[in-house]
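Protein chains: 2
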Amino acid sequence: MKKGDKIKVLLIDNHPLVLDGLKAVLETFHHIEVVGTAGQAQTGLELACQVRPDVLLMDINMPKLSGIDAIELFKTQIPETRIVMLSMHDSREYISSSVMHGAAGYILKDVSTDEIVSAIETVADGKTYFSSGVFDVLMEGQASNAADPLTPRERDILGLLLAGKANKTIAETLGISQATAETHRKNLKKKLKIATTAGLIRYALDHGISTKTL
Amino acid sequence: MKKGDKIKVLLIDNHPLVLDGLKAVLETFHHIEVVGTAGQAQTGLELACQVRPDVLLMDINMPKLSGIDAIELFKTQIPETRIVMLSMHDSREYISSSVMHGAAGYILKDVSTDEIVSAIETVADGKTYFSSGVFDVLMEGQASNAADPLTPRERDILGLLLAGKANKTIAETLGISQATAETHRKNLKKKLKIATTAGLIRYALDHGISTKTL
DNA sequence: GGTCTTCTACCCACTTCTGGGTAGTCCCGG
DNA sequence: CCGGGACTACCCAGAAGTGGGTAGAAGACC
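If you want it as structure tokens, here you go:
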């Protein structure tokens, strides 16, 4: 982007409240222009293809298409747009996935609006921006990062676990042996360094694993 | 309040983003005046005592003093102020507690800003306002409400369960026998009609049971 | 071709949970 | 004073989960 131009920002958040609020706030800054808002990733993507924003501010928790999955779509469709994720959570998983998927920034929703503006300016300038707490999380994750992304199968197991299924039922559902289901569960615990089932449930809920019904 | 006067609104939310956004949006309506904002219930209360707002818009999820507990404080200090709770959750528990504590309205954060304005107008007029989904929840709760309130002890157990404790550990922590802990857990399941531990965890998370550390 | 990961599956001993009871004490409200 | 809820505690047999292994097949990567 040329210096002196307004920074074109696109907002995506499923809370109209946040969307309108953010828009209203950002519009008080004359070097920032909100070129569009969307309530979900899908419509946001279409909009983005038309308006080609400099910066995309996107909520990480969205129903249909999660923010994290959406990052990839945006990166392929409009690679020049810098993506900043907005989140309520400072969870490792979210943060590192976002970064790994190519987000240029990650800010928590409890930061001040000034900080959001800084974030927008910073990423528009080609740099990356992470709110204070986030950076720490990234650093600590550096050490043991290879340990936690789950395999698809493990996600299946976690989804069923979340639904309250026992190993036996999980095995039946997935058409595998009970022993295998147990193995997967063991691996999950080892991998995530979570000792208890309760912990796994919380992990699943925190990390957007969806309840498997099948 | 006299007709023709602006509706004085006080906002309390621990997310500066929501706070600023809401303020910016509400200020575009000339019959509404945001007389103050606060990031937590405590400071909000002090502020409210000074400015005597007509309507208080308060987030239900706040760290120190939860929004629900705060309702009572506000009701005693400034009974004339109408309270509208803002929440991300449509959980029965939250909604019914809010209403029982004396909230005049309950709106979900995923509603449009227009609806928020309607809510403010409605409660300022002495009526109550509940966003669509909320009313249903209240009604359904009417039928089977006696079935689920937990006893304090059961909440303790649930909190520890949430922390991933086994019956044995729970028993030690609470200074009771393991058998008793098991009995409580059984009663919880029976009472809530939840068969699995995973289900209990989700229930606990949904209903604001906090993780016991002790 | 060798290495690595993923998914599968099994062994074993041990612990924990489950679901069905019963039952005593305490305290509150009618 | 009696009923009922809350909290406590125990019995039991069977089901489920834990934690430690090992290991083969398939596919990906170099």
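Chains as they are written, first to last, in the working numbering: chain A, -2 to 211; chain B, -2 to 211. All C-beta atoms, glycine included, are put in the ideal place defined by N, C-alpha and C. The structure displayed is predicted, hence computed values, not measured ones.
> Are three or more beta carbon pairs between the stretch 148 to 167 of chain A and the stretch 191 to 199 of chain B nearer than 8 angstroms?
Replying inline: yes
> When the distance is taken between beta carbons, is residue 178 (chain B) closer than 9 angstroms to residue 154 (chain B)?
Replying inline: The sequence position of residue 154 (chain B) within the second sequence is 157, counting from 1. The sequence position of residue 178 (chain B) within the second sequence is 181, counting from 1. It is a contact, given that the beta carbons lie within the stated cut-off.
> Where in the stretch 5 to 75 of chain A do unbroken runs of the alpha helix (DSSP H), each at least 4 residues long, occur, reported from the N-terminal end onward?
Replying inline: 13 to 23, 38 to 48, 64 to 74
>> Please classify residue 49 (chain B) as buried or exposed, where buried requires at least 16 neighbouring CB atoms within 10 angstroms.
In response: As a first step, residue 49 (chain B) is located in the second sequence; it is residue number 52 there, counting from the start. It counts as exposed.
> Which residues in the same chain as residue 262 (chain A) place their Cβ atom closer than 8 angstroms to its Cβ, once the five residues preceding and following it in sequence are excluded?
Replying inline: Nothing about residue 262 (chain A) can be read from this structure; chain A reaches only from -2 to 211.
> Quick one: is residue 174 (chain B) buried, meaning 16 or more other Cβ sit within 10 Å of its Cβ, or exposed?
Replying inline: In the second sequence, the residue the question calls residue 174 (chain B) occupies position 177. Answer is exposed; the Cβ neighbour count stays below 16.
> Out of curiosity, what's the CA-to-CA distance linking residue 108 (chain A) and residue 15 (chain B)?
Replying inline: What you label residue 108 (chain A) is simply residue 111 of the first sequence in a count that begins at 1. What you label residue 15 (chain B) is simply residue 18 of the second sequence in a count that begins at 1. The alpha-carbon atoms of residue 108 (chain A) and residue 15 (chain B) are separated by roughly 10 angstroms.
>> For chain B, check one thing: does any of its Cβ atoms lie closer than 9 angstroms to the Cβ of residue 81 (chain A)?
In response: Position 84 of the first sequence, counted from the first residue, corresponds to residue 81 (chain A). Judged by the 9 angstroms Cβ criterion, residue 81 (chain A) is not in contact with chain B.
>> Assuming residue 279 (chain A) is part of the beta strand (DSSP E), what are its boundary residues?
In response: Here chain A covers residues -2 to 211 and nothing more, so residue 279 (chain A) does not appear.
> What residues are listed by DSSP as bridge partners for residue 103 (chain B)?
Replying inline: By one-based count along the second sequence, residue 103 (chain B) stands at place 106. Looking at the DSSP assignment, residue 103 (chain B) forms a beta bridge with B:82, B:127.
> residue 180 (chain A) lies in the alpha helix (DSSP H); which residues open and close that run?
Replying inline: Against the first sequence, residue 180 (chain A) aligns to sequence position 183. From DSSP, the alpha helix (DSSP H) with residue 180 (chain A) extends over 175 to 189.
>> Contact criterion: CB-CB distance below 9 angstroms. Does residue 192 (chain B) meet it with respect to chain A?
In response: Numbered from its first residue, the second sequence carries residue 192 (chain B) at position 195. Yes, its Cβ sits closer than 9 angstroms to a Cβ of chain A.
> Does any residue of chain B bring its CB to less than 9 angstroms from the CB of residue 15 (chain A)?
Replying inline: Translated into the one-based positions of the first sequence, residue 15 (chain A) becomes position 18. It does: the Cβ of residue 15 (chain A) has a partner Cβ on chain B nearer than 9 angstroms.
> How about residue 11 (chain B) and residue 39 (chain B): do their beta carbons lie closer than 9 angstroms?
Replying inline: In the second sequence, counting from the first residue as 1, residue 11 (chain B) sits at position 14. In the second sequence, counting from the first residue as 1, residue 39 (chain B) sits at position 42. It is not a contact, given that the beta carbons lie outside the stated cut-off.
>> Going by C-alpha to C-alpha distance, which of B:189, B:31, B:51, B:186 sits closest to residue 124 (chain B)?
In response: For the purposes of this step, residue 124 (chain B) is taken as the residue at position 127 of the second sequence. That would be B:51, whose Cα lies nearest to the Cα of residue 124 (chain B).
> Roughly how many angstroms separate the alpha carbons of residue 186 (chain A) and residue 180 (chain A), rounded to a whole number?
Replying inline: Mapped onto the first sequence, residue 186 (chain A) falls at position 189. Mapped onto the first sequence, residue 180 (chain A) falls at position 183. C-alpha separation (whole angstroms): 10 angstroms.
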